[in-house]
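Student: Numbering (my numbering), first residue to last: 419 to 718.
Cβ coordinates follow ideal geometry from the N, Cα and C atoms, glycine included.
Sharing a structure below in structure tokens format, with a few things to ask.
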């Protein structure tokens, strides 16, 4: 199969809040995503982390921390924006129980959006997403840390990272794919650096065959590390999660992966975005330059 140059965009955490929920429910992608929509329209595959279950029930489980959910109409904005797939392995996907997980899976399927990182049982939750675009075979795996979210033998939920199984999953998919992306939902919230444990875990993922590891969940932009032949982003920041008036929460990065058919090489570029009133926009050039410079300095 002849390869072509393609691009993949990976977005961070997605969740409707009071300032954006109506845009979600009305499917108003142009107002919600503003000039970011241009980037979506010009990529070959678009995926992000859906940080809430889609359900008509809206009945949360007893747990520590916030319980998140959204009406089924919220998916329309992501359909209209052109999302190809959604990662569901996170600490909130089971906030409305197994019914919420099942409803989310069914709704995504009915709307032509692929999913990865959750399933009706742990076998299905572990299944990778394999796509073929422009002659490239790309494997995507999604993991999260254990909270109130786990899939079980006969219970829907998220794919939990397990040192005894997950690395073998990565090795297996690498043997069958040209490029492997890992979406790792974990780390310390609101902290810009990886813990030693997180760094060891992500480096091991690269050793077992991952080309790119993107850590989500921290709700802030972290650091980047080139390790062996792969790249690790420790903290992608939010994609759309409401405006709070502080840069740490309001800013995030789109990860744009360019696969070059002529060189058979990959390049990852990070596009700074920020929350505005009722939506997100690309960060202005001067502010984006400062952000990337600080990001690079912090990474060193």
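(1) Starting from residue 704, trace the alpha helix (DSSP H) both ways and give me its first and last residue.
(2) Look at the alpha carbon of residue 569 and the alpha carbon of residue 497, and state the distance between them as a whole number of angstroms.
(3) What does a CB cutoff of less than 7 Å around residue 665 pick up in its chain, not counting 5 residues either side in sequence?
(4) On the three-pair Cβ rule with 8 Å, is the segment 654–662 touching the segment 608–618?
(5) For a test of the three-state rule: what should DSSP assign to residue 525, helix, strand or coil?
(6) Do the segment 590–597 and the segment 458–478 meet, that is, are 3 or more Cβ pairs less than 8 Å apart?
(7) Please determine, among 449, 438, 471, 421, the residue with the shortest C-alpha to C-alpha distance to residue 555.
(8) How far does the beta strand (DSSP E) with residue 429 in it reach, from first residue to last?
(9) Taking DSSP as the reference, what is the three-state secondary structure of residue 671?
(10) In terms of residue numbering, what span does the beta strand (DSSP E) encompassing residue 687 cover?
(11) Find the nearest neighbour of residue 426 within the set 502, 435, 485, 636, judged by alpha-carbon distance.
(12) Among the candidates 674, 572, 504, whose CA atom is the shortest distance from the CA of residue 516?
(13) DSSP three-state call for residue 628: helix, strand or coil?
(14) What is the rounded straight-line gap between the Cα of residue 717 and the Cα of residue 545?
(15) Which of the three DSSP states is assigned to residue 570 in this structure?
Tutor: Put simply:
(1) 703–717
(2) 26 Å
(3) none
(4) no
(5) helix
(6) no
(7) 421
(8) 424–432
(9) strand
(10) 683–694
(11) 502
(12) 572
(13) coil
(14) 32 Å
(15) strand
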